[in-house]
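Engineer:
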Amino acid sequence: MKVLVIAAHPDDEVLGMGGTIKKYTKNKHQVKIVIMATGIFARRSQNYKNSTTYAFDKKTTKTMEDKLADLRRDSKKSAKIMGVNDIEFMDFPDNEMDTVSNLEVTKKIESVIEHFQPTIVFTHSQYDVNVDHRVLYNATITATRPTSSCSIEKVISFEVPSSTEWYFPSQFSPNMFVNIDKELETKIKALMAYKNEIRDFPHPRSTEAISVIAKRWGTVSGFPAAEAFCLVRQINNDVL
Ligand SMILES: [Zn+2]
1 MKVLVIAAHP DDEVLGMGGT IKKYTKNKHQ VKIVIMATGI FARRSQNYKN STTYAFDKKT
61 TKTMEDKLAD LRRDSKKSAK IMGVNDIEFM DFPDNEMDTV SNLEVTKKIE SVIEHFQPTI
121 VFTHSQYDVN VDHRVLYNAT ITATRPTSSC SIEKVISFEV PSSTEWYFPS QFSPNMFVNI
181 DKELETKIKA LMAYKNEIRD FPHPRSTEAI SVIAKRWGTV SGFPAAEAFC LVRQINNDVL
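Written as structure tokens, this is what we have:
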């Protein structure tokens, strides 16, 4: 089976479904991860010049390029821990994907789908405080329209702790759960490969919180630890 994971930022794929990704690769399924936004440019405020052209001096540009290269190394390392070698990076602006047309984002996703021909597509929830996450949900829904040539049977959304749960008062309401009891340790290890993204507890992006969240979903689904998903759409050629 071919599984496509469409994430906005480096580390979203691990936070949302690191355990499930590991489970897929353990079972010899083919997983491709696509990271759509750069993951660093929203943190440029220190040197940000109040200009719509984003004119940076050479030193700032170099610093950003180095940070980007470093973050991409972390992403590849993290993917490897989850058993994934196929990871692709797009260059959409971080936390500003709402400035790009839905058409452009959709077309990019469509071209990935056309080449990869996935059976299952995972992406962000529409109930999410992060604008890039919401943009990707909308673009993915459009890009996965069930035409007769479409290979996709399921579209599933995941949560991103420190983002999805803060979209007050709307709520991510999962109806699918995957037992990650044996993969939780790998998920945390994959997250730690992102050396600059981990926070201290009680931040939701702390290793302790990740474990607590997995256990909480476990209490909902009868497993020691679980990841939660929402089935957005399923289309079957045969019986369910
Ligand atoms: Zn994100």
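For the sequence shown, this note's numbering gives the first residue as 1, with consecutive numbering after it.
Every residue, glycine too, gets a C-beta built ideally from N, C-alpha and C.
1. List in chain order the residues whose CB is within less than 5 Å of at least one heavy atom of ligand 1.
2. With a threshold of 16 other CB atoms inside 10 Å of the CB of K23, please say whether the residue is buried or exposed.
3. Would you give the residue range spanned by the alpha helix (DSSP H) that A209 belongs to?
4. Take I235 as the anchor and find which of K76, F177, E65, S149 has the nearest alpha-carbon.
5. Suppose you measure from the CA of V3 to the CA of K28; what does that come to, to the nearest Å?
6. I need the boundaries of the alpha helix (DSSP H) containing R73, first residue and last residue.
7. Going by DSSP, what residues sit across from L4 in a beta bridge?
8. Does any CB atom of chain D fall closer than 7 Å to the CB of E104?
9. How about A193 and I81: do their beta carbons lie closer than 7 Å?
10. With a CB to CB cut of under 7 Å and the five nearest residues on each side skipped, what residues in its chain are close to S75?
11. Helix, strand or coil: how does DSSP classify A139 here?
12. Excluding five sequence neighbours on each side, which residues of the same chain lie with their C-beta closer than 7 Å to the C-beta of F201?
13. Please list the terminal residues of the continuous beta strand (DSSP E) segment that includes D86.
14. When DSSP labels each residue in this structure, what does V314 get in the three-state scheme?
15. What residue range does the alpha helix (DSSP H) around S111 cover?
16. Quick check on the DSSP output: the alpha helix (DSSP H) that includes M192 runs from which residue to which?
17. Quick one: using the 10 Å Cβ neighbour count with 16 as the cut-off for buried, is R205 buried or exposed?
18. For N31 and K187, what's the separation of their Cα atoms in angstroms?
19. Is it right to say R134 is buried, meaning 16 or more other beta carbons lie within 10 angstroms of its own, or is it exposed?
20. State the CB to CB distance for the pair A143 and E110, rounded to an integer number of angstroms; the pair is presumed to be in contact (CB under 8 Å).
21. Beta-carbon within less than 6 Å of K67's beta-carbon, same chain only, minus the 5 sequence neighbours each way: which residues are those?
22. With a cut-off of 8 Å, do at least 3 Cβ pairs link the region 113-121 to the region 219-227?
23. Please confirm whether T60 and D94 have their CB atoms less than 7 Å apart.
Structural biologist: So, from the data block:
1. Summarising the contact set, residues whose Cβ lies nearer than 5 Å to any heavy atom of ligand 1 are, in chain order, A8, H9, D12.
2. One-based indexing of the sequence shown puts residue 23 at position 23. With 16 or more other Cβ atoms within 10 Å, it is buried.
3. For the purposes of this step, residue 209 is taken as the residue at position 209 of the sequence shown. Segment 207-221, the alpha helix (DSSP H) holding A209.
4. As a first step, residue 235 must be located in the sequence shown, where it is residue number 235. When each option's Cα is compared against that of I235, the closest is S149.
5. If you number the sequence shown from 1, residue 3 lands on position 3. If you number the sequence shown from 1, residue 28 lands on position 28. Taking the straight line from one Cα to the other gives about 11 Å.
6. In the sequence shown, counting from the first residue as 1, residue 73 sits at position 73. First-last of the alpha helix (DSSP H) with R73: 58-81.
7. Working through the sequence shown from its first residue, we reach residue 4 at position 4. Answer by DSSP bridge pairing, in chain order: K32, V121.
8. Of the chains in the structure shown, none is chain D; there is only one protein chain.
9. Reading the sequence shown from its first residue, position 193 is the one you call residue 193. Reading the sequence shown from its first residue, position 81 is the one you call residue 81. Cβ distance < 7 Å, so A193 and I81 count as in contact.
10. By one-based count along the sequence shown, residue 75 stands at place 75. Once the five neighbours on either side are set aside, the close Cβ partners of S75 are P10, I35, I87.
11. The residue labelled residue 139 in the question sits at position 139 within the sequence shown. Of the three classes helix, strand and coil, the one that applies to A139 here is helix, per DSSP.
12. The count along the sequence shown starts at 1 and reaches residue 201 at position 201. Here the set comprises E208, A209.
13. The residue labelled residue 86 in the question sits at position 86 within the sequence shown. Note, D86: beta strand (DSSP E), 86-92.
14. A question about residue 314 goes unanswered here, because the residues of the chain that appear run from 1 up to 240.
15. On the sequence shown, residue 111 is found 111 positions in, with the first residue counted as 1. Its alpha helix (DSSP H) spans residues 102-116.
16. In the sequence shown, the residue the question calls residue 192 occupies position 192. Annotation for M192: the continuous alpha helix (DSSP H) segment containing it runs 184-192.
17. As a position in the sequence shown, residue 205 is number 205, starting the count at 1. So R205 counts as buried.
18. Within the sequence shown, residue 31 is the residue found at index 31, counting from 1. Within the sequence shown, residue 187 is the residue found at index 187, counting from 1. Before going on, a small fix: residue 31 reads as Val here, not Asn. Spanning the two alpha carbons is a distance of roughly 15 Å.
19. In the sequence shown, counting from the first residue as 1, residue 134 sits at position 134. Counting Cβ neighbours within 10 Å, R134 comes out buried, since at least 16 surround it.
20. The residue given as residue 143 occupies position 143 in the sequence shown. The residue given as residue 110 occupies position 110 in the sequence shown. Yes, they are in contact, since the Cβ atoms of A143 and E110 sit about 5 Å apart, within 8 Å.
21. Stepping through the sequence shown from its first residue, residue 67 is reached at position 67. Cβ within range, chain order: I40.
22. no
23. For this step, residue 60 is matched to residue 60 along the sequence shown. For this step, residue 94 is matched to residue 94 along the sequence shown. It is not a contact, given that the beta carbons lie outside the stated cut-off.
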